[in-house]
Every structure is written in structure tokens, then in C-alpha cells.
Amino acid sequence: MTLADKISHAAERKTFETLLDNLIKKGQTHDASQVASDLIAMVQRLHGDVWSETSFQTLRMIANDPNGKWAHYTQRLLRDNDPYILKTFLTNAVYEGGIRGYHVAQETAAKYDINVPWLILMDPTSACNMHCTGCWAAEYGHKQSLTFEEMDKTLTEAKALGTHACLFTGGEPLMRKKDIIRLCEKHRDIAFHAFTNGTLIDDEFCKEMLRVGNFFVSVSIEGFEEANDGRRGDGHFQRALAAMDLMRSYRIPFGVSICYTSRNYQVVTSDEFLDLLISKGCVFAWYFHYMPVGQNADTSLLLTPEQRIYMKNRVREIRGVTGGKELYCIDFQNDGEFAGGCVAGGRIYCHINAAGDVEPCVFIHYSSANIKEQSFLECLQQPLFKLYRKGQPFNDNHLRPCPMLENPELLPKMVAESGAHSTDLEAPETAEHLCEKCRDYAACWKPTAEALWQAEHPEQA
Ligand code: SF4
139 MTLADKISHA AERKTFETLL DNLIKKGQTH DASQVASDLI AMVQRLHGDV WSETSFQTLR
199 MIANDPNGKW AHYTQRLLRD NDPYILKTFL TNAVYEGGIR GYHVAQETAA KYDINVPWLI
259 LMDPTSACNM HCTGCWAAEY GHKQSLTFEE MDKTLTEAKA LGTHACLFTG GEPLMRKKDI
319 IRLCEKHRDI AFHAFTNGTL IDDEFCKEML RVGNFFVSVS IEGFEEANDG RRGDGHFQRA
379 LAAMDLMRSY RIPFGVSICY TSRNYQVVTS DEFLDLLISK GCVFAWYFHY MPVGQNADTS
439 LLLTPEQRIY MKNRVREIRG VTGGKELYCI DFQNDGEFAG GCVAGGRIYC HINAAGDVEP
499 CVFIHYSSAN IKEQSFLECL QQPLFKLYRK GQPFNDNHLR PCPMLENPEL LPKMVAESGA
559 HSTDLEAPET AEHLCEKCRD YAACWKPTAE ALWQAEHPEQ A
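Residues in the sequence shown are numbered consecutively from 139, following the numbering used here.
Encoded structure:
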């Protein structure tokens, strides 16, 4: 980067921070709409070539309606949460990653003909302090972990390519909370996040989150006490709620991550459950469709077409411009149309497991590249990622985005052609075995998905 680039970067970041500061300060006053409009105008000036005019129109509509649902949500977000965390995290996620980093990543992608991710999912350890049903982490997890130096090196290399967001998974990532805080301290221009069971969040860690400002968490939860603890172990539900209460007392924003299955999909989208989360201070929910990954995966947890339609409609209702709930939520499997289909293989994100293997997706455990032996750029250049890039979108119908779940004939071909090997840390599974479990599901979902897509996108029929 030239000196002029450095100066212009610093000036732009400062302007973004100042506008955010003003918005946070004026969040409760009638001036908030004007500040929000200024911020939107700045983002449109820097990013208007990427987001559609419709997206900016929606943002302006929300900013100009101080009594609307999302204005109210924003006021709550600004009123109830620590201003330093809001400013630091949003500056890194939106300005550094979403705007400036996006353009650097586009240049890198074109230069090397590779996907460059906006976000890295990384497992600092495969160890966990819990014993959830069906999860191997407690028994096997202690065997693999990434050192601070390995994570630091990868993030440094990733930033040079344009990536400024990192989400820790596991195992239980907070088993490594000291190293996570060190990474937050060292990489002041990265937005960090973690999916956690919440049980290791204590006063000391809350103070550390407040101090660094560029990190907060989503607590994994699967429903109310009985269903949640049936899978996660007695007492987890109450401990997860206690972690939420503690973060709220420190004014630290948090979300939840929810795996939905044929058994819990209605409960985890019910008014009662969402009202409970909102009452605890939760600001967003990530919904993940159950994936039958692993030798012992239970395919009865996969959703029927009717159940999946329910999820798609219900999540859109929850986050609607009016009605629903004041909780922002994303359903990765049904929101493909907003991201252009599958986001893996580095297109928007990739996954690094606790052994250092760089995998296309947190659910797709195949790779031929490892950060312990190669640079992050070399890992993105691996053949499986190139095949993802070539194949994406894997289906023009974005309700069928996945090369495993909805297009199970695709992944085994890519794995074979790329020479990638199984990187499953518990028990290696062939891509054929994995995808065989998805065939009935994919065949059942296809006619429903086609009918839905044609009805909602007649211009593409
Ligand atoms: S590989 Fe499948 S599960 Fe992973 S991001 Fe792509 S569509 Fe989603």
C-alpha cells in the first residue's frame, strides 16, 4: 500500500467512525434519521457498485420512519449496548470488511482467478467442555488445536488479500479465550465473532470483550429447556440464559445460533421462544438447516418439504419490514437468493478446522490444503476451491444451493476431480457416503423448490 493509500484509508475509516459515533449518540433523538441517512449516503458512495439501489432504498425507508419496526430495533440496539463495541465491530465488519476489504478481495480474486472470502470460520480447538449427544468434541476434541501463531499468521495473510472478518467455531472456541482476545488486540481491523455454548462466559471475559471492542458472540441454543438439555446436557439451557443475562448486564450485544431439525423447527421459530430471546437482549439469530454430516448422522432430522417451506416463510415473516419480531434473523439454506447461492469455497466464506485443513464449508470436510504447511493464498488456490468457483452457483434455483444437500451428485465429483481427502476429525467419510444420505431429501425437495422458485421469480422461468 502506498503512503497516499494509507492516508486515504485512515481518513475514510475516521469519517465512517465519526458518522457511527454520531448515530450512536443521537440514536434516541429526532436527529437520528438524518445521521442514519448520512451514513447510508456514505456507504452508497463507497459501495454503490456492489449493493443494489433497492437495498439502499430499503435502508433509507427504515431511516426515514422513526416509528417503524426496524428504526425501533436500531434504537434498542443503540440504547442497550456499549457504544465502543458497536462502533468498533461495525467499522471492522462494514467498512474494513464489507467495503474496503471487498474491493481489495475483488482485485485479488481477479489477479489469481480464485475466490477470496469475506469471512473465515476458524476452529481454534476441537476440544469442548460439554458432552452433547452426538458430538464427538468432548471425547476426541483435545487432539487438535491451532496455535496462536498459526491463527495470527493466517489472519495476517488473509487481510492482505482483503478478508477482515473471522468467526470462531469448534469444539468450544472459548476454551481458547485468552488467545482469542490476543488476536482481537493484534488485529484491530478485523471483526471477530464466535459461536459458543456460552458456559465459559464470565465477568472477566465480558470485561475483556468490552476492552477490545471488536468481538462478540452467538450462543448456541436448540429450543426450550427440555429439548435443549436433551441434546446439550442437563443445565445447559439455564447456563446459556445466564450467559445472556451477564452479557446484557455489561451491555454487550449478542446473537444466537440455532440448528433447526424436523423436531424443533416450530419451537425455535415460535413467538414464545423468540420473545424469550428478545427479552434477554438478543439482537440476531442465525438459523442453520440440519446437515447429515458424519458416519452416524440421523437422517430423520432432515426436514420434509412442508417443514422447509414453513421455515422459509416463517423466517421472512419474523424479519419482515412490518410485523414479525424485532430480531434480525438469517436462514442460510433458504436465503440463498440474497447471496447468489452457495457462499462456500471462499466465495463469501471458508472454514479452517482445528487441524489447519482449509475446507470449503463448515459442513464439507474435504480439503487438500492446510495452513500449517501452506500460505492462506495457496490454500485458496487448492483444486477443490477452484471447482467451487467454477461451479457456483451450483443451481440457478437458489432454494437448491448446496452441492451436498440439494445437489448431492455434485460434491462427490468435485472431491474426486480435485483429489481432496476427508478431513473429518472423528471418522473419515467419503463424499459418496455423505451425499447418499441427502439423495432422498434432494429428490423430495426438488419439485417443491422448483414450483416455489418459478412462482417467486417468473422472470427466470
Ligand atoms: S456448501 Fe452447502 S451448506 Fe455450505 S455454504 Fe454451500 S450451500 Fe451452504
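Built from N, CA and C at the ideal position, the CB exists for glycine as well.
In the DSSP annotation of this structure, the continuous segment of the beta strand (DSSP E) that includes G393 starts and ends at 392 to 398. A distance below 7 Å between beta-carbons, with the five flanking residues on each side excluded, links A174 to the following residues of its chain, in chain order: L161, A201. Looking from the CA of L257, the closest CA among F514, E310, E363 belongs to F514.
For I502, the Cβ falls inside the 6 Å cut-off from some heavy atom of the ligand SF4. At the C-beta level, P498 and Y526 come within 7 Å of one another. Note on the segment 210 to 265: whole beta strand (DSSP E) runs with a minimum of 3 residues are 257 to 260, in chain order. Residue pairing of H302 in beta bridges, as defined by DSSP: absent, with no partner found.
Rounded to the nearest angstrom, the gap between the Cα atoms of E245 and E234 is 15 Å. Listed as beta-bridge partners of D495 by DSSP are N508.
Inclusion of A482 in the 6 Å shell around the ligand SF4 follows from its C-beta lying nearer than that to a non-hydrogen atom of the ligand. A distance of 7 Å or more separates the beta carbons of I319 and E288. Around the beta carbon of Q433, fewer than 16 other beta carbons sit within 10 angstroms, so the residue counts as exposed.
A contact is defined here as three or more CB-CB pairs under 8 Å, and the segment 505 to 524 meets this definition with respect to the segment 544 to 563. Taking L563 as reference, the option from V500, A365, N545, A482 with the minimal CA-CA separation is V500. If only uninterrupted beta strand (DSSP E) runs of at least 3 residues are considered, those enclosed by the segment 373 to 429 are 392 to 398, 422 to 427. Shown here, S193 sits in a helix according to DSSP, grouped into three states.
Between the ligand SF4 and the CB of C499, the shortest heavy atom gap is smaller than 6 Å. Residue side-chain check: C540 places its Cβ nearer than 6 Å to a non-hydrogen atom of the ligand SF4.
The straight-line gap separating the alpha-carbon atoms of N472 and V355 is approximately 23 Å. Going by C-alpha positions, C517 is about 31 Å away from M268. In its chain, beyond the 5 residues on either side, S175, I178 have a beta carbon closer than 8 Å to the beta carbon of R198. G239 and E364 have their alpha carbons spaced roughly 43 Å apart. A distance below 8 Å between beta-carbons, with the five flanking residues on each side excluded, links E150 to the following residues of its chain, in chain order: L184, Y233, R238. Straight across, the Cα-Cα distance linking L312 with H595 is about 43 Å.
H536 sits in coil when the DSSP states are folded into three classes, being neither helix nor strand. For S513, the secondary structure class from DSSP, reduced to helix, strand or coil, is coil. Between L412 and Y428, the gap from beta carbon to beta carbon reaches 7 Å or more. Assignment of beta strand (DSSP E) within the segment 540 to 584, counting only whole runs of 3 or more residues, yields no such run. The beta carbon of P262 sits closer than 8 Å to those of S283, L284, M289, F306, G308, G309, P311, M313, R314, D317, I318, A492, all from its chain and outside the five residues before and after it, given in chain order.
Under a 10 Å Cβ-count criterion, K575 is classified as buried, with 16 or more other Cβ atoms of the shown protein chains found around its own Cβ. Exposure of T156 is indicated by the presence of fewer than 16 other C-beta atoms within 10 angstroms of its C-beta. Close CB contacts of T561 within its chain, under the 8 Å cut and outside five residues either way in sequence, are with N491, A493, D495, E497, H503, Y504, S505 (chain order).
Between G461 and H536 a beta carbon distance of about 24 Å is seen, past the 8 Å cut, so the two are scored as non-contacting.
Burial state of P566 is exposed, judged by a 10 Å Cβ sphere holding fewer than 16 other Cβ atoms. Selection T140, S171, M180 evaluated against T153 yields M180 as nearest (Cα-Cα). DSSP places V350 inside the alpha helix (DSSP H), whose first and last residues are 341 to 350.
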